[in-house]
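In the UniProt record's numbering, the protein residues as written are 1 to 124.
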(Lines of atoms letter the chains of each structure in order from A and count residues from 1; the text may use other names and numbers.)
(Lines give C-alpha, C1' and ligand atoms only; values in the text may rest on other atoms or scores of the structure.)
Protein backbone atom coordinates (compact mmCIF):
# COMPACT_ATOMS: atom_id res chain seq x y z
CA UNK A 1 0.00 0.00 0.00
CA UNK A 2 1.49 3.37 -0.98
CA UNK A 3 2.27 5.89 1.73
CA UNK A 4 -0.15 8.79 2.15
CA UNK A 5 2.11 11.83 2.21
CA UNK A 6 -0.75 13.90 3.71
CA UNK A 7 -0.76 11.98 6.98
CA UNK A 8 2.75 10.69 7.47
CA UNK A 9 6.30 11.81 6.72
CA UNK A 10 8.37 8.66 6.19
CA UNK A 11 11.56 10.64 5.62
CA UNK A 12 11.17 12.24 9.06
CA UNK A 13 10.83 8.76 10.56
CA UNK A 14 14.02 7.67 8.82
CA UNK A 15 15.79 10.77 10.17
CA UNK A 16 14.51 9.79 13.64
CA UNK A 17 15.92 6.28 13.00
CA UNK A 18 19.34 7.73 12.15
CA UNK A 19 19.24 10.05 15.18
CA UNK A 20 18.37 7.15 17.52
CA UNK A 21 21.24 5.11 16.05
CA UNK A 22 23.70 8.01 16.42
CA UNK A 23 22.70 8.39 20.08
CA UNK A 24 22.85 4.63 20.64
CA UNK A 25 19.27 4.80 21.94
CA UNK A 26 17.87 1.31 21.37
CA UNK A 27 14.52 2.16 23.02
CA UNK A 28 13.92 5.14 20.73
CA UNK A 29 14.95 2.99 17.77
CA UNK A 30 12.53 0.21 18.72
CA UNK A 31 9.68 2.70 19.14
CA UNK A 32 9.91 3.29 15.38
CA UNK A 33 9.33 -0.40 14.59
CA UNK A 34 6.08 -2.37 14.45
CA UNK A 35 5.91 -5.32 16.87
CA UNK A 36 6.12 -7.77 13.93
CA UNK A 37 8.73 -5.86 11.92
CA UNK A 38 11.17 -7.77 9.74
CA UNK A 39 14.84 -6.85 9.35
CA UNK A 40 16.87 -8.45 6.57
CA UNK A 41 20.58 -7.73 6.59
CA UNK A 42 22.56 -8.85 3.55
CA UNK A 43 25.69 -7.53 5.28
CA UNK A 44 25.61 -10.50 7.65
CA UNK A 45 23.02 -12.81 6.08
CA UNK A 46 20.52 -12.21 8.88
CA UNK A 47 16.72 -12.22 8.78
CA UNK A 48 14.91 -11.28 12.00
CA UNK A 49 11.28 -10.83 12.99
CA UNK A 50 10.01 -8.80 15.93
CA UNK A 51 11.24 -5.91 18.00
CA UNK A 52 13.00 -8.10 20.57
CA UNK A 53 15.06 -9.84 17.87
CA UNK A 54 15.86 -6.48 16.27
CA UNK A 55 16.94 -5.09 19.66
CA UNK A 56 19.22 -8.07 20.29
CA UNK A 57 20.80 -7.58 16.86
CA UNK A 58 21.12 -3.77 16.93
CA UNK A 59 22.20 -3.22 20.55
CA UNK A 60 25.80 -4.48 20.25
CA UNK A 61 26.23 -2.56 16.99
CA UNK A 62 25.06 0.67 18.55
CA UNK A 63 27.41 0.13 21.50
CA UNK A 64 30.42 -0.27 19.18
CA UNK A 65 29.55 2.35 16.54
CA UNK A 66 32.27 4.53 15.03
CA UNK A 67 32.32 8.32 15.31
CA UNK A 68 31.04 8.98 11.77
CA UNK A 69 28.49 6.17 11.86
CA UNK A 70 24.94 6.80 10.72
CA UNK A 71 25.85 9.79 8.55
CA UNK A 72 23.27 10.25 5.79
CA UNK A 73 24.63 10.33 2.23
CA UNK A 74 21.38 10.17 0.23
CA UNK A 75 17.67 9.71 0.78
CA UNK A 76 14.88 8.99 -1.69
CA UNK A 77 11.22 8.07 -1.59
CA UNK A 78 10.38 4.81 -3.32
CA UNK A 79 6.97 3.48 -4.32
CA UNK A 80 6.33 2.01 -0.88
CA UNK A 81 8.94 3.45 1.42
CA UNK A 82 12.24 5.22 1.78
CA UNK A 83 15.74 4.27 0.71
CA UNK A 84 18.86 5.75 2.28
CA UNK A 85 22.55 5.51 1.62
CA UNK A 86 24.47 6.06 4.83
CA UNK A 87 27.52 5.06 6.85
CA UNK A 88 26.76 1.96 8.93
CA UNK A 89 27.89 1.36 12.52
CA UNK A 90 31.38 0.51 11.24
CA UNK A 91 31.48 3.69 9.16
CA UNK A 92 31.15 1.71 5.91
CA UNK A 93 28.78 2.74 3.11
CA UNK A 94 25.47 0.86 3.17
CA UNK A 95 21.95 1.16 1.81
CA UNK A 96 18.75 0.58 3.78
CA UNK A 97 15.24 0.30 2.42
CA UNK A 98 12.37 1.04 4.85
CA UNK A 99 8.75 0.06 4.39
CA UNK A 100 6.00 1.33 6.70
CA UNK A 101 2.69 -0.11 7.86
CA UNK A 102 -0.71 1.47 8.42
CA UNK A 103 0.43 2.32 11.96
CA UNK A 104 3.20 4.48 10.38
CA UNK A 105 5.74 2.22 12.07
CA UNK A 106 8.56 0.48 10.24
CA UNK A 107 7.38 -2.97 9.16
CA UNK A 108 10.37 -3.95 7.05
CA UNK A 109 14.01 -2.95 6.64
CA UNK A 110 16.53 -4.40 4.26
CA UNK A 111 20.18 -3.40 4.39
CA UNK A 112 23.21 -4.24 2.30
CA UNK A 113 26.73 -2.94 1.73
CA UNK A 114 26.71 -0.27 -1.00
CA UNK A 115 28.39 -2.39 -3.69
CA UNK A 116 25.86 -5.19 -3.22
CA UNK A 117 22.94 -2.76 -2.75
CA UNK A 118 23.79 -0.86 -5.94
CA UNK A 119 23.89 -4.09 -7.92
CA UNK A 120 20.53 -5.16 -6.48
CA UNK A 121 18.97 -1.77 -7.31
CA UNK A 122 20.13 -1.91 -10.92
CA UNK A 123 18.37 -5.26 -11.36
CA UNK A 124 15.02 -3.89 -10.07
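Ideal placement from N, C-alpha and C gives every residue a C-beta, glycine not left out.
Predicted model only: the values in this text are computed from it and were never measured.
- Sixteen is the threshold: when 16 or more other Cβ atoms of the shown chains lie within 10 Å of the Cβ of residue 88, as they do, the residue is buried.
- Residue 59 is positioned such that its CB atom lies no closer than 7 Å to that of residue 91.
- DSSP places residue 77 within a strand segment (E or B) once states are collapsed to three.
- Per DSSP, residue 49 is one residue of the beta strand (DSSP E) stretching across 46-49.
- For residue 85, same chain residues with a beta-carbon under 7 Å away, outside a window of 5 residues either side, are 73, 74, 93, 95, 114 in chain order.
- If you draw a straight line from the Cα of residue 112 to the Cα of residue 57, it comes to about 15 Å.
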